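Here is the structure we will look at.
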């Protein structure tokens with residue numbers, strides 16, 4: 161569980177959320193500290209200015225009218241404002257108590273007190289450990305005169321910290337709830353995201369074990385996982401098809417090899433056991449054995465050639481090839497059969513004999529295979545034509561016959577191994593011809609009319625591409 165992609169994605173996501181949350185909390189607390197401190201200072205400034213004016217007015221009345229100093233006012237004002245009041249300097253009420261706690265000037269930490277300007281200081285009252293922030297306002301009985309002293313309106317810094325801590329606790333609670341909700345949401349999302357990967361993982365294990373009938377859910381969307389799922393589905397389909405072709409190939413090879421071997425064994429045992437004893441019968445059996453042996457040798461050679469071509473282990477030489485001479489050679493190999501079967505057999509060449517760079521032996525093998533296929537399917541008295549043409553950097557060799565033609569449904573299958581309607585054929589001639597043509601840089605094209613013959617065209621480049 162801890163090593164799964166789902167767990168790692170969730171852990172990374174929650175770590176990112178936590179980091180951003182902590183950074184946001186730190187910024188929020190810092191901003192709140194600045195705002196609350198500024199608001200507290202502004203509040204202290206207003207209170208100090210107003211209270212200093214009140215005490216100055218009370219001092220004037222006491223001086224002019226003989227009224228008593230407001231001794232009770234200090235405690236009431238502290239309760240009303242929530243602040244602490246102190247006084248520094250000469251008393252504005254001579255011989256009277258006015259209720260304010262007196263402080264020596266040195267208690268303000270050496271702060272320079274202005275004559276007619278308010279200042280902000282931080283100090284620790286004598287005999288205490290608390291740290292206070294205060295607004296110090298001069299008390300002037302007449303504007304512009306020398307102040308009697310300074311009224312100090314103070315607030316403990318601990319109160320500001322309590323506000324910050326309260327905010328920090330609420331933000332931490334909000335972060336915890338947010339992380340919990342985000343974790344639940346991402347667990348659900350990660351399951352949605354990783355489930356296709358888990359399905360593909362199980363499918364790969366099945367494919368590795370040789371089971372290709374795996375079920376892969378249809379991919380939705382256009383993301384990378386959906387693309388991977390579609391590509392994997394296509395790969396599995398191709399592997400299944402390749403496995404099917406492999407099994408079919410092995411079964412076909414086994415069948416094709418067993419047929420001549422069975423014939424050879426039957427005749428050899430007949431001769432060995434004396435069932436065939438007449439010289440003519442023995443000669444006939446030996447001829448059959450020789451023919452089946454030749455067939456078996458051709459079959460094994462064709463299978464090896466096809467296997468090498470499909471495995472891309474086939475060596476192709478690069479040499480100058482006189483294509484007209486190659487066609488004459490291929491044409492001459494079937495003239496006797498054409499004469500014997502009274503087939504109208506002809507050859508026509510290009511105006512200028514082309515010379516190409518290719519493997520002459522393989523080109524001859526391709527054309528020979530196509531001619532062999534044409535003679536196999538053309539009836540006696542039919543027509544076969546071999547044509548050569550050259551244009552636009554490519555040469556084409558057409559093998560045209562008057563056989564039964566190839567139905568549309570069979571035009572792809574006839575190039576598959578062991579697919580043949582001829583009992584005497586191996587079904588490897590056309591597949592080898594096509595693979596060779598592709599290996600030489602060209603291909604084979606087929607056009608056919610059922611009942612009117614076929615045309616196999618070999619297209620080769622004059623000079624192979626690098």
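Residue numbers (this note's numbering): 161 to 626. Ideal Cβ positions, reconstructed from N, Cα and C, are used throughout, including at glycine. As the structure is a prediction and not an experimental result, all values here were calculated from the model.
Considered as a whole, the stretch 485-522 harbours 504-508, 515-518 as its complete beta strand (DSSP E) runs of no fewer than 3 residues, in chain order. Looking from the CA of residue 247, the closest CA among 273, 239, 240 belongs to 273.
With three or more CB-CB distances shorter than 8 Å, the stretch 209-216 counts as touching the stretch 288-302. Under DSSP, residue 603 shares a beta bridge with 619. Rounded to whole angstroms, the separation of the alpha carbons of residue 362 and residue 343 is 26 Å. In the structure shown, residue 245 falls within a strand segment according to DSSP collapsed to helix, strand and coil. Under the 8 Å Cβ criterion, the stretch 482-491 counts as touching the stretch 517-526, having at least three qualifying pairs.
By the neighbour-count criterion, in which a residue is buried when 16 or more other Cβ atoms sit within 10 angstroms of its Cβ, residue 286 is exposed. The stretch 494-513 makes contact with the stretch 542-557; the number of CB pairs closer than 8 Å reaches 3 or more. Here DSSP, grouped into helix, strand and coil, assigns residue 609 to strand.
Judged by beta-carbon spacing, residue 237 lies within the 9 Å limit of residue 211, meaning their Cβ atoms are closer than that value. The stretch 618-625 and the stretch 561-574 do not touch, with fewer than three beta-carbon pairs separated by less than 8 Å. DSSP places residue 309 inside the beta strand (DSSP E), whose first and last residues are 309-316. Note: residue 295 is bridge-paired with 280, 313 in the DSSP secondary-structure output.
In the structure shown, residue 482 adopts extended strand secondary structure according to DSSP, grouped into three states. Secondary structure within the stretch 323-375: not one fully enclosed beta strand (DSSP E) run of 3 or more consecutive residues is present. Put simply, of 438, 452, 519 the residue whose alpha carbon is nearest the alpha carbon of residue 422 is 452.
With a cut-off of 8 Å on Cβ pairs, the stretch 552-563 is in contact with the stretch 525-537, counting three or more such pairs. Following the DSSP letters along the chain, one finds residue 556 inside the beta strand (DSSP E) bounded by residues 554-561. Shown here, residue 543 sits in a strand according to DSSP, grouped into three states.
The DSSP-derived three-state label of residue 614 is strand.
Here residue 617 is near residue 607, since their CB atoms are less than 9 Å apart. Bridge partners of residue 234 according to DSSP: none are assigned. For the 9 Å CB-CB criterion, residue 290 and residue 317 form a contact. When DSSP states are grouped into helix, strand and coil, residue 437 belongs to the coil group.
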